[in-house]
Ligand code: GLC
Ligand code: CA
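Residue numbers (this note's numbering): 37 to 580.
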């Protein structure tokens, strides 16, 4: 079923699995590779083209596995390399490709390189693989700079001998020095290791952070913040030289048939995104614009136009994301009070700040989420779906503090509740100690209400969100041919577009119904009432 088509990724539906929270085969409360293997028939039923696995490598799980101890092995709690091989072959048997997550900006502090760096003196080759600096002041007890980490708190950590190391994320995630040849060489080895094992592609974590130019004098955080981010010259982010690294990777990817693919997680100015998506580089880059947008017709339409144009610059296809393991689930984002000022965003950051969730209209959130999903799945480009969105899951807001795991929570007490709420284990059955996730207590608590939204419950309900995803993905696979999109004039609160094959999508962002255009109705996100598209709903039609 899987062929050698080198462009399979261009309009693929990719399903992101967060391995610890998908399915737990051995009952220790942590999802694992055999658990994923046991759910391949579910993925096949969903009709996804590929699975993207978030990190499953040995890790202390300080940052959910994005703190990697060893890039070429499987965490023993999650399985073995033999389990990995079995998973690749089961997925392939089901016609599903596999993408794995590569974390090149930093290792974990338990990686053998970092252990060696700490045991080695300042100026040693072992320290050169990371970013070490002398502290300031007579006894070097002042950090080399006042930089803050992405998770809050300082970005420099002392090691006790006058030197400090840089970590843009948690303290346990030291940043690598990509000017070091050995670092470069080792990642090529890792990419080859997984490619040889049958992996079809890679998701590159923090792809815009690898190249750094620190210089002798380090600027202050305020000076860094004041620098432009869109000219390739920022000392830390989105530097032009980062693409030299990806050109080397591309040569390796292209030595396989079909070439291995890669998608960049690069939080850069949209005007610079196409550099990551270039065919001489990673080939594709995430576009997070919809994920950050308000539920607004004009904004959605602008984002589509802009991203189709940006994709054309690199010749790549664009990517669409509504949810992932870092953001508040879209069913929840869309159920919040409207921002008073449309320029203000009620996105994940806003939601997580203040340590609590504002009042939520859960039903409305889900209604809009279903509409946005049908909109997304009708667009040209690849769609990246996050496990559980096909069940209409909401963010879990009431995780007790003592059960939380995300460093973003620990490093920002009272300011950021962190990302655990979108990482709660999937409910498979309406009963059992963890709703079918496994036989033990899940590593994050599931809300009792999830009994009603379990896979087994939704699978028998044609009105469920699971059926909507399944039908949408099957139809998308059947209808999707070219990558063209043509807008059809519509009312202010409505977007209407046509794809090849007479496939049309109408999304009504407003709350009053609008007339249903002519055509055969294929699918709708909320029940149709006569010849109207209800408020906050999307309809797929076929015409001609
Ligand atoms: C990326 C990941 C996120 C992780 C961070 C550091 O943004 O998506 O989950 O915490 O990188 O690796
Ligand atoms: Ca397990």
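Built from N, CA and C at the ideal position, the CB exists for glycine as well.
Please say whether residue j and residue i have beta carbons closer to each other than 8 Å?
| i | j | result |
| --- | --- | --- |
| residue 546 | residue 579 | no |
| residue 519 | residue 209 | no |
| residue 333 | residue 110 | no |
| residue 84 | residue 50 | yes |
| residue 345 | residue 353 | no |
| residue 205 | residue 185 | yes |
| residue 216 | residue 249 | no |
| residue 40 | residue 294 | yes |
| residue 664 | residue 551 | One cannot answer for residue 664 here, as it falls past the ends of the chain, which runs 37 to 580. |
| residue 371 | residue 398 | yes |
| residue 410 | residue 367 | no |
| residue 336 | residue 404 | no |
| residue 437 | residue 389 | no |
| residue 515 | residue 561 | no |
| residue 651 | residue 69 | There is simply no residue 651 to check, as the chain begins at 37 and stops at 580 in what is shown. |
| residue 358 | residue 327 | yes |
| residue 203 | residue 211 | yes |
| residue 144 | residue 103 | yes |
| residue 415 | residue 508 | no |
Leaving out five residues before and five after residue i in sequence, what residues of the same chain have Cβ atoms less than 8 Å from its Cβ?
| i | result |
| --- | --- |
| residue 355 | 299, 320, 321, 322, 323, 417, 418, 419 and 420 |
| residue 231 | 288, 289, 292 and 296 |
| residue 251 | 271 |
| residue 265 | 273, 274, 304 and 305 |
| residue 260 | 183, 270, 271 and 272 |
| residue 170 | 158, 176, 180, 198, 199 and 200 |
| residue 553 | 524, 532, 540, 542, 577 and 579 |
Determine the closest residue to residue i out of the options, with distance taken between C-alpha atoms.
| i | options | result |
| --- | --- | --- |
| residue 510 | 494, 158, 44 and 79 | 79 |
| residue 538 | 66, 551 and 558 | 558 |
| residue 65 | 571, 360, 461 and 345 | 461 |
| residue 90 | 401, 116 and 136 | 136 |
| residue 396 | 434, 337 and 411 | 434 |
| residue 62 | 54, 483 and 113 | 113 |
| residue 127 | 235, 143 and 157 | 235 |
| residue 2 | 415, 414 and 431 | Since the first and last residues shown for the chain are 37 and 580, residue 2 lies out of range. |
| residue 329 | 542, 492, 378 and 486 | 378 |
| residue 155 | 196, 279 and 220 | 196 |
| residue 466 | 170, 105 and 491 | 491 |
| residue 53 | 75, 201 and 222 | 75 |
| residue 132 | 72, 102 and 191 | 72 |
| residue 88 | 77, 124 and 96 | 124 |
| residue 242 | 312, 222 and 220 | 312 |
| residue 213 | 254, 140 and 276 | 140 |
| residue 240 | 59, 203, 317 and 515 | 317 |
| residue 362 | 450, 445 and 284 | 445 |
| residue 441 | 45, 59 and 96 | 96 |
| residue 42 | 153, 365, 237 and 455 | 237 |
| residue 478 | 469, 485 and 484 | 469 |
Skipping 5 residues on each side, what residues in its chain have a beta carbon closer than 7 Å to that of residue i?
| i | result |
| --- | --- |
| residue 349 | 310 |
| residue 448 | 188 |
| residue 489 | 427, 428, 429 and 463 |
| residue 207 | 193 |
| residue 81 | 506 |
| residue 439 | 480 and 481 |
Heavy atom of ligand 1 less than 7 Å from the Cβ of residue i, yes or no?
| i | result |
| --- | --- |
| residue 454 | no |
| residue 278 | no |
| residue 99 | yes |
| residue 431 | no |
| residue 166 | no |
| residue 301 | yes |
| residue 361 | yes |
| residue 105 | no |
| residue 102 | yes |
| residue 446 | no |
| residue 13 | The structure shown does not extend to residue 13, since the chain is modelled only from 37 through 580, so no value can be given for it. |
| residue 211 | no |
| residue 241 | yes |
| residue 139 | yes |
Enumerate in chain order the residues of its own chain whose CB-to-CB distance from residue i is below 6 Å, with the five nearest sequence positions on each side excluded.
| i | result |
| --- | --- |
| residue 375 | 382 |
| residue 523 | 533 |
| residue 277 | 247 |
| residue 147 | 105 |
| residue 325 | 339 |
| residue 583 | In the structure displayed, the chain extends from 37 to 580; residue 583 sits before or after that span and is not available. |
Please confirm whether any heavy atom of ligand 3 lies closer than 7 Å to the CB of residue i.
| i | result |
| --- | --- |
| residue 312 | Inclusion of ligand 3 in the displayed structure is not the case, the ligand content consisting of ligand 1 and ligand 2 alone. |
Using only Cβ atoms and a threshold of 5 Å, which residues come within that distance of a heavy atom of ligand 2? Order them by chain position. Having a Cβ closer than 5 Å to some heavy atom of ligand 2 are 60, 62, 64, 66 and 68.
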